[in-house]
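Chains as they are written, first to last, in my numbering: chain A, 117 to 395; chain B, 117 to 395. Some notes on the structure that comes next.
Listed below in structure tokens is the structure:
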């Protein structure tokens with residue numbers, strides 16, 4: 117781990133990160149020495165800093181530090197870079213320091229070992245009892261207040277449930293605990309509106325703004341309920357690490373068609389193979 | 117600071133506290149060598165652990181550590197003890213470790229210097245633009261996901277606004293950014309219902325269950341809107357550190373009567389003078 121560019125494995129007890137979750141994070145796939153979707157992660161981070169009132173972070177500085185973090189280790193073909201940005205050290209109390217000095221933390225994690233059949237045959241998902249609270253002030257951001265996801269993840273310990281879907285208090289389906297959701301109906305994509313809660317995933321953005329566009333597939337962002345899922349042609353989940361996982365079943369509903377999901381998966385793989393920022 | 121009983125000023129970068137705000141805290145007044153409302157703080161902590169699925173913490177162990185933390189310092193007549201309890205060190209991802217080993221952190225802070233007139237003449241409050249999201253899974257707990265309070269506190273930098281009131285998305289008044297709210301109308305107390313959002317403050321509980329009861333004042337917990345505040349006879353805010361602050365004005369509404377608020381303040385002072393756990 118690097119903290120403000122210095123190797124360390126501990127954090128100051130006065131960092132506002134700890135006391136309030138006052139910051140943001142990015143989880144970035146590192147494949148064959150390339151930081152995947154780097155520009156998109158840096159754009160989301162900049163937008164989040166803007167919304168939280170944090171000073172902007174120089175992406176080149178973060179890139180230099182990422183390079184140092186990864187050059188010190190064995191070069192695994194795949195790894196994860198987690199970047200955390202916080203409002204820095206402050207006194208007791210919610211009031212922000214007048215001139216916050218941002219703390220930036222870069223962590224290196226090994227690549228997680230998911231079974232191949234999650235991509236090949238798809239996964240089984242269930243609905244979580246834990247709901248997402250709504251708040252437009254925080255919606256969309258990848259901030260560090262993640263107790264709702266922690267509580268939801270505690271509900272599913274059985275290995276046969278690979279992801280839990282979270283609803284808002286009105287019963288709209290918003291996202292998975294660590295993934296965004298897409299529905300395919302009549303050869304078009306539908307993904308939940310995230311203006312009131314949820315995380316605007318970088319992979320979600322990539323699918324909407326690049327992959328679907330290239331394939332000429334229309335994307336609708338709107339309210340989605342469980343009925344929409346039960347009557348969908350196909351479903352899939354995505355994030356920056358897994359890419360796309362088809363959903364083979366949601367509760368008692370079984371999906372037998374993966375046609376458009378496969379097409380999107382193939383296009384995504386091709387796109388990513390040619391891109392990424394060198395470490 | 118003590119971490120699991122060991123003096124330190126840094127935290128492991130892998131603690132779930134940092135990554136998700138996965139834990140709880142208590143802010144306790146220490147006056148003349150006594151931990152004020154200790155049993156009530158320990159009860160709220162135990163309830164929170166239960167709801168988050170954290171192993172229970174032995175209050176005697178926390179008391180022993182508090183004694184050590186305060187004996188090492190000059191004995192200021194007043195200080196603050198902050199206790200933080202987290203789900204401990206875990207891997208990447210929201211899933212909880214199967215057998216979480218709780219991290220307990222005790223921090224000592226100097227007593228904050230509020231001017232006397234906050235108690236004597238009352239404070240001015242305004243409504244924050246930042247709303248509180250609703251979620252019964254987290255409502256009431258003093259957990260570590262506090263970005264809403266951070267964002268709300270950023271709105272009021274002027275010294276003439278001493279506290280901001282936070283509404284939920286439906287427009288109900290819930291609480292201050294760091295205080296609970298009471299309304300006095302027709303010699304009865306009204307305090308916002310906190311079943312959907314807000315923090316069930318220890319001082320709020322003390323006023324409801326002890327102080328008001330002793331004075332024979334009825335307390336109603338229910339939905340409160342801004343009109344209820346504008347037509348109130350008196351208003352006051354409370355927390356474990358400040359005790360009770362009368363409100364002299366809310367927006368354009370000025371309160372000229374502090375009769376029952378003073379009575380509650382005097383009774384609270386008398387009660388606390390005789391209580392507390394020795395350090």
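Every residue, glycine too, gets a C-beta built ideally from N, C-alpha and C. Just so it is clear, the structure is predicted and the values come from calculations on it, not from any experiment.
- prompt: Candidates 348/B, 305/B, 312/B and 318/B: which alpha carbon is nearest residue 328/B's?
  reply: Minimum Cα distance to residue 328/B is reached at 305/B.
- prompt: Between residue 151/B and residue 182/B, which are expected to be in contact by the criterion C-beta below 8 Å, what is the C-beta distance as a whole number of angstroms?
  reply: Yes, residue 151/B and residue 182/B are in contact; Cβ-Cβ is about 6 Å, under 8 Å.
- request: Tell me the start and end of each unbroken alpha helix (DSSP H) in the segment 308–383 of chain B that is at least 4 residues and wholly inside, in chain order.
  value: Listed in chain order, the complete alpha helix (DSSP H) runs (minimum 4 residues) inside the segment 308–383 of chain B are 318–322 and 342–346.
message: Shorter than 7 Å, the distance from the beta carbon of residue 331/A to the closest heavy atom of the ligand HEM, or not?
response: By its list of ligands, the structure shown contains no ligand whatsoever, and the ligand HEM lies outside what it can speak to.
message: If you measure between the beta carbons of residue 262/B and residue 203/B, is that distance less than 8 Å?
response: Not a contact, by the Cβ cut-off of 8 Å.
message: Once the 5 residues before and after residue 466/A are set aside, which same chain residues still bring their CB inside 6 Å of it?
response: Here chain A covers residues 117 to 395 and nothing more, so residue 466/A does not appear.
task: Check each candidate in 234/B, 196/B and 179/B and name the one with the smallest Cα separation from residue 220/B.
output: Selected option, being the one with the closest Cα: 179/B.
task: Count the other CB atoms, across all protein chains shown, that sit within 10 Å of the CB of residue 98/B; report buried if there are 16 or more and exposed otherwise.
output: Outside the shown range of chain B (117 to 395) lies residue 98/B, about which nothing can therefore be said.
field: Proximal chain B residues relative to residue 341/A, where beta-carbon distance stays under 7 Å
entry: Result: empty, since nearest Cβ-Cβ is about 19 Å, beyond 7 Å.
- prompt: Going by alpha carbons, who is nearest to residue 121/A out of 246/A, 300/A, 223/A and 367/A?
  reply: For the residues 246/A, 300/A, 223/A and 367/A, the minimum Cα distance to residue 121/A belongs to 223/A.
- request: Determine, using beta-carbon pairs with one atom in the segment 266–285 of chain A and one in the segment 240–247 of chain A, whether at least three such pairs fall under 8 Å.
  value: Segment contact: the segment 266–285 of chain A against the segment 240–247 of chain A, three or more CB-CB distances shorter than 8 Å; contact assigned.
- prompt: What residues from chain B crowd round residue 163/A, counting only those whose CB sits closer than 7 Å?
  reply: What residue 163/A touches in chain B: nothing, since even the nearest Cβ is about 15 Å away.
field: Any 3 or more C-beta pairs closer than 8 Å across the segment 375–386 of chain B and the segment 314–334 of chain B
entry: Contact holds: three or more Cβ-Cβ distances are below 8 Å.
task: Could you tell me which residues DSSP pairs with residue 282/B in its beta bridges?
output: 291/B.
query: Taking buried to mean at least 16 other C-beta atoms within 10 Å of its own C-beta, is residue 356/B buried or exposed?
result: So residue 356/B ends up on the buried side.
query: Closest to residue 230/A by CA distance: which of 275/A, 252/A and 186/A is it?
result: Here the closest residue by C-alpha is 275/A.
query: So is residue 292/A in contact with chain B if we call contact Cβ pairs under 8 Å?
result: It does not: the Cβ of residue 292/A has no partner Cβ on chain B nearer than 8 Å.
field: C-beta atoms of residue 242/B and residue 289/B nearer than 8 Å
entry: Cβ atoms of residue 242/B and residue 289/B: not closer than 8 Å.
query: Given that residue 363/B touches chain A, what residues does it touch there, using C-beta distances under 8 Å?
result: In chain order: nothing, as chain A lies at least about 19 Å away.
message: If you reduce the DSSP assignment to three classes, tell me which class residue 268/A lands in.
response: Residue state, collapsed to three classes: helix.
message: Given this structure, state the Cα-to-Cα distance separating residue 157/A from residue 145/A, to the nearest angstrom.
response: Rounded to whole angstroms, residue 157/A to residue 145/A spans 10 Å at the Cα level.
message: I need the boundaries of the alpha helix (DSSP H) containing residue 187/A, first residue and last residue.
response: Segment 175–187, the alpha helix (DSSP H) holding residue 187/A.
query: Can you give the Cα-Cα distance for residue 344/B and residue 300/B, rounded to whole angstroms?
result: If I take the Cα positions, the gap works out to 10 Å.
query: Would DSSP call residue 164/A helix, strand or coil?
result: Residue 164/A falls in the helix class under three-state DSSP.
query: Can you name the residues of chain A whose CB is closer than 7 Å to the CB of residue 169/B?
result: Residues of chain A passing the Cβ test: 270.
message: Tell me the DSSP secondary structure of residue 142/A in three-state form.
response: Residue state for residue 142/A is assigned as strand, using DSSP reduced to three classes.
Beta-carbon proximity of residue 125/A to residue 217/B, cut-off 8 Å: Taking C-beta atoms as the reference points, residue 125/A and residue 217/B fail to come closer than 8 Å.
query: What does residue 264/A reach in chain B if we use C-beta pairs closer than 9 Å?
result: Residues of chain B passing the Cβ test: 251, 253, 254 and 261.
message: Between which residues of its own chain and residue 296/B is the CB-CB distance below 6 Å, once the five residues before and five after are set aside?
response: Answer for residue 296/B: 317, 320 and 354, listed in chain order.
- prompt: What are the boundary residues of the alpha helix (DSSP H) that includes residue 236/B?
  reply: From DSSP, the alpha helix (DSSP H) with residue 236/B extends over 233–236.
message: Would residue 137/B pass as an interface residue toward chain A - the criterion being a Cβ-Cβ separation below 8 Å?
response: Output row for residue 137/B: interface = yes.
- prompt: Do residue 198/B and residue 392/B have their C-beta atoms within less than 8 Å of each other?
  reply: Result no, Cβ atoms of residue 198/B and residue 392/B do not sit closer than 8 Å.
query: In chain A, what lies closer than 7 Å to residue 267/B by C-beta?
result: Against residue 267/B, the close residues of chain A are 253, in the order they occur along the chain (beta-carbon pairs closer than 7 Å).
Beta-bridge partners of residue 198/A, as assigned by DSSP: In the DSSP output, where bridge partners are listed per residue, residue 198/A has 143/A and 223/A.
message: By the DSSP assignment, the alpha helix (DSSP H) with residue 390/A in it spans what residues?
response: Taken as a continuous stretch (DSSP letters only), residue 390/A belongs to no alpha helix (DSSP H), as it is neither H nor E.
Residue-chain proximity (residue 246/A, chain B), Cβ-Cβ < 8 Å: Yes, residue 246/A counts as interfacial toward chain B.
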